[in-house]
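Data block below; observations after.
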Amino acid sequence: MNLTPRPPLPKGRGGAKLRRGVTLLEILVAIGILALVASLVYGAFDGLARARTSLDSSSERFHQGRSALSRMTREVQSAFLSLHRPIQQPGLQVSQTIFKGTDGGRFDRLDFTSFSHRRLGFDTHESDQNELSYFLSPDPSSGKTDLARREASFIDMDPEKGGKVLVLAYDAAMLDFQFYDRETGEWRDSWDSMGAGQLERLPTHVRIELLLNKPGSGEPLRFLTKVPITMKTPLMFGLPI
């Protein structure tokens, strides 16, 4: 056992004993370690926040794409053509039904008449018939392209214009329609019920493909469906015999 006495502490002014303090270097090292730990903690929380934001944005885009495709599916299924004319004056035509798909490369357009209108107010002189259009429209405020839907609650002689336009999905990269012709057994890129090739005819199925850009970068989100059309022949039970 070592019984050697410890050397006395040096004395300062007034005979007070001096105790060794923390050096400036030790303070700087401690501050550096604290800053490093704080930066690591902040980086971890920031990464979690970014991942959550990215996940929320992707989920929102998926929901937006699925909702848009679901609505288009329901409405395309209700497409119809009519050969009805006023019985007293068959030559007097006041409305024109249509099913027209225009091939625009990555920017297709579909105009048609359907039984999918929903009346939201009381005492409105409306039925379940409407004019509908789907197309991609540039957004001047953002510089991007959106999936737009046009609806007119009354069918007139110009079923490709009029009504109200709403956005179904933002920042779309592509909208493509294909139409199955049961007479030829082929998929067509365009369709016109007023043209010679498909006069007064509807396709049996419509293939819809929609691409929505992801937030940030990466491959666009792809949504694809094939829609059967319920009414495949024009309405004609009101024609005069």
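Residues in the sequence shown are numbered from 420 upward in steps of one, following our numbering. Every residue, glycine too, gets a C-beta built ideally from N, C-alpha and C.
| Query | Result |
| --- | --- |
| So, A498 versus S533, is the Cβ gap smaller than 9 Å? | yes |
| If you drop the 5 nearest sequence neighbours on each side, which residues of the same chain put their C-beta closer than 6 Å to that of K563? | D590 |
| Bridge partners of R528, per DSSP? | T521 |
| Over the uninterrupted beta strand (DSSP E) stretch that includes V646, give me the two end residues. | 640-647 |
| In the DSSP assignment, what residue or residues form a beta bridge with T564? | P557 |
| Beta-carbon within less than 6 Å of Q483's beta-carbon, same chain only, minus the 5 sequence neighbours each way: which residues are those? | A588 |
| Less than 7 Å between C-beta atoms, sequence neighbours within five positions excluded: which residues of the same chain meet that for P639? | A592, L630, L631, N632, K633 |
| Do the segment 642-654 and the segment 612-629 touch if we need at least three Cβ pairs shorter than 8 Å? | yes |
| Could you say which of P559, L654, F518 lies nearest to R528 if we only look at CA atoms? | F518 |
| Please state the DSSP three-state secondary structure of H624. | strand |
| Using the beta-carbon count (16 or more within 10 Å), is V625 buried or exposed? | buried |
| Between G523, A571, S560, which lies nearest to R538 when the distance is taken from Cα to Cα? | A571 |
| Would you mind stating whether P578 and Q515 have Cβ atoms separated by less than 9 Å? | yes |
| Helix, strand or coil, according to DSSP, for E445 in the structure here? | helix |
| Spatial neighbours of R493 within its chain, please: CB distance less than 7 Å, with the 5 preceding and 5 following residues excluded, ordered by chain position. | S535 |
| Here's the rule I'm using: 16 or more other beta-carbon atoms within 10 Å means buried, otherwise exposed. How should W606 be labelled? | exposed |
| Could you check where the beta strand (DSSP E) with Y599 kicks off and where it finishes? | 591-600 |
| Can you name the start and end residues of the beta strand (DSSP E) that E661 belongs to? | The structure shown does not extend to residue 661, since the chain spans only 420 to 660, so no value can be given for it. |
| According to DSSP, simplified to helix, strand and coil, what is R569? | strand |
| Is T442 close to the ligand NAD? I mean its beta-carbon at under 8 Å from any heavy atom of the ligand. | This structure simply doesn't include the ligand NAD, nor any ligand for that matter. |
| Could you say which of S477, P559, L453, L455 lies nearest to G635 if we only look at CA atoms? | S477 |
| Whole angstroms are fine: how far does the CA of D611 sit from the CA of Y599? | 13 Å |
| Which whole-angstrom value describes the C-beta separation of S379 and D522, a residue pair presumed to lie in contact below a C-beta threshold of 8 Å? | Summary: the structure shown does not reach residue 379, with the chain confined to residues 420 through 660, and so no result is reported for it. |
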